[in-house]
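Trainee: If you're matching them up, the sequences are chains E and W in order.
Quick note: the first sequence uses numbering that gives the first Met the number 0, first residue 0, plus one each step.
Quick note: the second sequence uses numbering that gives the first Met the number 0, first residue 0, plus one each step.
Where a beta carbon is used, it is the ideal one built from N, C-alpha and C, also for glycine.
Provided herewith is a single structure, encoded as structure tokens, for subsequent inquiry.
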Amino acid sequence: MTRPNTYRSGPDERGHFGIYGGRFVAETLMPLILEVEKAYREARADPAFEGAIREHLKQYVGRPNPLYYAERLTEKLGGAKIYFKREELNHTGAHKINNCIGQILLARRMGKKRIIAETGAGQHGVATATVCALFDMPCVIYMGETDIARQQPNVFRMKLLGAEVVPVTSGARTLKDAMNEALRDWVTNVADTYYLIGTAAGPHPYPAMVRDFQSVIGDEVRVQMQELEGRLPDSLVACVGGGSNAIGLFHPFLDDPSVQMVAVEAAGHGIDKGPLAHAASITGGRPGVLHGNRTYLLQDEDGQILEGHSISAGLDYPGVGPEHSWLHDIGRVEYVSATDQETLDAFQLCARTEGIIPALESAHALAEIVKRAPKLPKDHLMVLCLSGRGDKDIFSVAQHLGVKL
Amino acid sequence: MSVAVDNGRIARRFAALKAEGRAGLVTFITAGDPDLETCRAVLHGLPAAGADLIELGLPFSDPMADGPAIQAASLRALHAGTTARKTLDLVRGFRETDADTPVILMGYYNPIHAYGVDRFLADAIAAGVDGLIVVDLPPEEDEELCIPALKAGVNFIRLATPTTDDKRLPAVLQNTSGFVYYVSIAGITGAASADNAAVGAAVERLKRHTDLPVAVGFGIKTPEQAADVARIADAAVVGSAIVTRLAGGLDADGKARPGLAEDVLGFVRELAGGVRGARGSV
């Protein structure tokens with residue numbers, strides 16, 4: 000395969016990253032998708048829009064968050080020098096808010112009156128409910144009934160923030176069904192509603208737009224690593240469900256050939272344990288079309304979508320952002336996976352050595368660092384995206400560890 | 000494009016309807032719902048019950064433009080083991096008994112993508128499929144399936160909606176063949192019903208842009224509503240209401256009770272009565 004001059008120019012004007020991406024939506028939604036694309040293009044050209052995002056990220060979200068040298072973990076693993084990008088210190092406790100600030104400012108510019116969103120673990124739902132409270136807009140969050148049962152604290156947070164949480168009882172009652180239901184709402188309320196998608200997937204322009212809003216992660220790492228070490232990092236590691244924190248960290252470095260990138264999917268019980276045992280779309284799936292884009296999907300022979308499994312409700316989406324599919328195919332990013340057990344081990348290790356309880360999503364990336372760092376030299380600079388904090392996960396972790404709370 | 004495509008049945012049927020001076024009834028059922036045997040009985044009985052064109056749903060796990068009735072139908076069909084191949088088998092079996100009633104497959108792209116576009120089109124033609132309606136393939140993605148289908152001789156029927164404005168309409172109509180399906184409400188299948196005056200104006204607008212027949216669907220639940228649409232469009236499409244009637248004939252385990260097919264066909268007969276009597280009663 001010929002190497003492109005740049006990995007950062009995508010998507011093309013029709014939303015394609017190589018063969019991935021696109022706009023596979025019903026005709027009713029198509030004019031809206033085009034409207035979002037036009038509004039986003041205009042907003043990006045407006046310095047006032049960029050300024051408003053910068054100001055909110057600074058004053059409200061608390062950015063820039065630190066690039067923290069994880070000294071004890073580094074010593075314990077005995078290899079690469081490990082840095083954490085502390086996205087878990089953001090307001091609301093995860094990287095999700097970066098995207099929500101950008102999109103709610105766009106929705107306001109477009110004159111939309113009502114916000115809808117889907118959520119799996121509830122982090123995106125909380126971030127969306129938060130910005131809706133801040134900007135005084137009605138907010139409806141679709142969440143699978145199964146996820147509601149396992150993420151009660153976040154459901155209550157959303158309600159405290161004034162959002163309406165609608166239980167989704169169709170299909171498997173998890174994230175993909177919540178997205179179906181949000182699309183059904185959007186197609187019914189086209190005139191006044193903005194769909195605030197939480198990850199770098201969906202129809203164009205969402206994958207590119209969410210990536211742009213999340214690229215603040217990688218942009219800050221670039222500056223911070225320069226200040227701390229006087230050079231670029233050697234490798235970047237992030238977890239991937241839909242893949243928004245990973246693409247946000249990776250994208251600013253895609254054209255720096257010395258920077259290795261590793262994305263970690265959820266292997267659940269193990270990828271070799273069958274198609275329903277994991278949520279690794281790239282490592283264990285194949286290309287198809289769902290939710291507006293062509294991308295790697297968990298699906299059966301007949302093209303029916305399968306329900307992924309992961310200990311982390313934020314990673315068990317049966318697809319992945321289209322840019323990741325492309326970066327995988329061209330070999331720019333390495334896609335690996337971590338099992339539930341490896342993740343639980345890394346989760347506890349991080350808590351005990353660094354005093355940080357990570358989100359189970361982020362603990363997948365930590366599990367990869369545990370495997371990789373010891374084999375690398377001490378001058379290898381490795382950055383982990385600590386995408387969220389683990390407070391929301393303590394109940395399910397306790398259950399897995401056999402502890403009754 | 001439509002000239003190159005026409006394999007005949009859809010155009011012949013609309014020409015015959017025009018000659019009769021009436022609108023057509025387009026009925027939707029999901030392939031394999033609630034099981035292949037019962038579905039076959041309903042399918043084979045549809046023409047005699049008054050269906051002029053048949054839409055057969057290709058089941059998909061994630062039908063994001065459909066309401067609860069058709070979502071449930073899709074899941075029932077999948078649980079009964081329905082695949083794209085078995086859907087085509089149903090059409091092949093139907094063609095042995097009926098050479099004239101157009102059959103249009105309606106669904107989402109991924110099952111066709113997984114089957115392989117060229118292989119799917121070849122097998123669909125061999126089975127006797129006349130057209131495709133693929134909800135998540137707007138004109139922006141025409142080269143995926145629409146252009147290959149037209150080249151292979153399968154009609155590609157597009158949905159036009161209340162959000163399709165005059166600026167966009169030519170792009171929507173450009174590679175449409177067979178007929179145009181006007182979605183009368185912005186929403187999912189089986190939801191609210193549209194206002195007749197608004198539908199009439201929309202059909203007139205479409206007619207200014209195309210010579211193709213216009214079928215109207217979404218929200219038509221009763222013979223009376225079907226008759227209202229039959230007065231202003233070339234055909235009325237009924238889906239969720241038929242599927243709901245079918246679901247009413249299931250037992251607690253989701254199995255078909257005796258008489259289910261006859262009951263569904265009886266409802267289709269009532270709908271056909273509405274459509275056929277519509278213009279005479281104006």
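Is E/Asn4 buried or exposed, if buried means 16 or more other CB atoms sit within 10 Å of its CB?
Mentor: Flag for E/Asn4 reads exposed.
Trainee: Examine chain E for any beta-carbon lying closer than 9 angstroms to the beta-carbon of W/Ala229, and answer yes or no.
Mentor: Closer than 9 angstroms: no.
Trainee: Evaluate E/Leu400 with the Cβ neighbour count: other Cβ atoms within 10 Å of its Cβ, from every protein chain shown; 16 or more gives buried, anything less gives exposed.
Mentor: Counting Cβ neighbours within 10 Å, E/Leu400 comes out exposed, since fewer than 16 surround it.
Trainee: So which residues on chain W does E/Gly302 lean against when the C-beta distance must stay under 8 angstroms?
Mentor: Simply Phe59, Ala83, Asn109, Pro110, Ile111, His112, Ala113 and Tyr114.
Trainee: Residue range of the alpha helix (DSSP H) that E/Ile96 falls in?
Mentor: It spans Lys95 to Arg108 - the alpha helix (DSSP H) in which E/Ile96 sits, taken as one unbroken run.
Trainee: If you measure from the beta carbon of W/Ser1 to each beta carbon in chain E, is any gap under 9 angstroms?
Mentor: Any answer about W/Ser1 is weak, because its pLDDT of 41 lies below 50 and its placement is not dependable; what the coordinates show is given next. Answer no: the Cβ-Cβ gap between W/Ser1 and chain E never drops below 9 angstroms.
Trainee: Look up E/His327 in the DSSP assignment and say whether it is helix, strand or coil.
Mentor: Helix at E/His327.
Trainee: Residues in the same chain with beta-carbon distance under 7 angstroms from W/Ala48, minus the five sequence neighbours each way, listed in chain order, please.
Mentor: For W/Ala48, where only same-chain residues beyond five positions count, the Cβ hits under 7 angstroms are Leu264, Val267, Arg268 and Ala271.
Trainee: Based on Cα-Cα distance, which residue from W/Gly276, W/Ala159, W/Asp252 and W/Asp164 lies nearest to W/Val215?
Mentor: Comparing Cα-Cα distances from W/Val215 to each of W/Gly276, W/Ala159, W/Asp252 and W/Asp164, the minimum goes to W/Ala159.
Trainee: Would you identify the three-state DSSP class for W/Asn109, choosing helix, strand or coil?
Mentor: Looking at W/Asn109 - three-state DSSP - the assignment turns out to be helix.
Trainee: For W/Ser176, which option in W/Asp141, W/Pro161, W/Thr162 and W/Thr188 has the closest C-alpha, if you only look at C-alpha atoms?
Mentor: Minimum Cα distance to W/Ser176 is reached at W/Asp141.
Trainee: Looking at chain E, which residues of the region 128–144 of chain W have a Cβ within less than 9 angstroms of any of its Cβ atoms?
Mentor: So the list reads Val134, Asp135, Leu136, Pro137, Pro138, Glu139, Glu140 and Glu143, given in the order they occur along the chain.
Trainee: Along the chain, where does the alpha helix (DSSP H) that runs through W/Gln70 open and close?
Mentor: Run containing W/Gln70: Pro67 to His78, per the alpha helix (DSSP H) assignment.
Trainee: Indicate whether the contact test is met: 3 or more Cβ pairs, each with one atom in the region 8–21 of chain W and one in the region 53–65 of chain W, closer than 8 angstroms.
Mentor: No, because fewer than three Cβ pairs between the region 8–21 of chain W and the region 53–65 of chain W fall closer than 8 angstroms, the two stretches do not touch.
Trainee: Can you tell me which residues form a DSSP beta bridge with W/His208?
Mentor: W/His208 is not bridged to any residue.
Trainee: Output the distance between the C-alpha atoms of E/His15 and E/Ala237, rounded to the nearest integer angstrom.
Mentor: Taking the straight line joining both Cα atoms gives about 23 angstroms.
Trainee: Going along the chain, which residues of its own chain have a beta-carbon closer than 7 angstroms to the beta-carbon of E/Ile246, five neighbours each way excluded?
Mentor: Result list for E/Ile246: Ala199, Arg210, Gln213, Gly320, Glu322 and His323, in chain order.
Trainee: Taking the alpha carbon of E/His123 as the reference point, which residue from E/Leu404, E/Gly387 and E/Ala265 has its own alpha carbon closest?
Mentor: Closest option to E/His123, Cα to Cα, is E/Gly387.
Trainee: Which two residues bound the contiguous beta strand (DSSP E) that contains E/Leu289?
Mentor: Segment Arg285 to Leu289, the beta strand (DSSP E) holding E/Leu289.
Trainee: For the beta strand (DSSP E) containing E/Gly73, name the first residue and the last one.
Mentor: Gly is not the amino acid found at residue 73 of chain E; the sequence shown has Thr there. No beta strand (DSSP E) holds E/Thr73; the alpha helix (DSSP H) holding it covers Glu70 to Leu76.
Trainee: Can you have a look at E/Leu404 and say buried or exposed, based on whether 16 or more other CB atoms are within 10 angstroms of its CB?
Mentor: Burial call: exposed.
Trainee: Give, in chain order, every residue of the region 19–30 of chain E whose Cβ lies closer than 9 angstroms to some Cβ of chain C.
Mentor: Protein chains E and W are contained in the structure displayed, whereas chain C is not.
Trainee: What first and last residue would you give for the beta strand (DSSP E) that runs through W/Val25?
Mentor: Segment Gly23 to Thr29, the beta strand (DSSP E) holding W/Val25.
Trainee: From E/Pro166 to E/Ala177, what does the alpha carbon distance come to, in whole angstroms?
Mentor: Their backbone Cα atoms lie some 8 angstroms apart in a straight line.
Trainee: In chain order, what residues of the same chain have a beta carbon less than 8 angstroms from the beta carbon of E/Gly161, not counting five sequence neighbours either side?
Mentor: If we look at E/Gly161 and ignore the five residues flanking it on each side, its Cβ neighbours are Ala128, Cys131, Ala132 and Cys138.
Trainee: Mapping the DSSP letters down to three states, classify E/Ser395 as helix, strand or coil.
Mentor: E/Ser395: helix per DSSP, three-state reduction.
Trainee: Does W/Leu168 come out as helix, strand or coil in the three-state DSSP assignment?
Mentor: In this structure, W/Leu168 counts as helix in the three-state DSSP scheme.
Trainee: Am I right that W/Asp233 and W/Ala22 are in contact with their C-beta atoms under 8 angstroms? What's the rounded C-beta distance?
Mentor: Contact flag correct, Cβ pair sits at about 6 angstroms.
Trainee: Among W/Arg11, W/Glu143 and W/Val236, which one has its Cα closest to the Cα of W/Ala98?
Mentor: Out of W/Arg11, W/Glu143 and W/Val236, W/Arg11 has the C-alpha closest to the C-alpha of W/Ala98.
Trainee: With a CB to CB cut of under 6 angstroms and the five nearest residues on each side skipped, what residues in its chain are close to W/Pro138?
Mentor: Hits under 6 angstroms: Ala170 and Val171.
Trainee: Counting only Cβ pairs nearer than 7 angstroms, list the residues of chain E close to W/Arg167.
Mentor: Going along chain E in sequence order, the residues near W/Arg167 (Cβ under 7 angstroms) are Pro30.
Trainee: When you compare only the Cα positions, how much space is there between W/Pro101 and W/Leu249?
Mentor: Rounded to the nearest angstrom, the two C-alpha atoms are 28 angstroms apart.
Trainee: Who are the neighbours of W/Gln70 on chain E, taking C-beta pairs under 7 angstroms?
Mentor: Simply Ser169.
Trainee: Buried or exposed, going by whether 16 or more other CB atoms sit within 10 Å of the CB of W/Ile251?
Mentor: It should be pointed out that residue 251 of chain W corresponds to Ala in this sequence rather than to Ile. Per the 10 Å Cβ criterion, exposed.
Trainee: Nearest by alpha-carbon distance to E/Arg351: which of E/Gly9, E/Gly119 and E/Ala69 is it?
Mentor: Looking at the Cα atoms, E/Ala69 is the closest of the given residues.
Trainee: Are E/Leu66 and E/Lys84 close, meaning C-beta to C-beta below 9 angstroms?
Mentor: Yes, Cβ-Cβ distance for E/Leu66 and E/Lys84 is below 9 angstroms.
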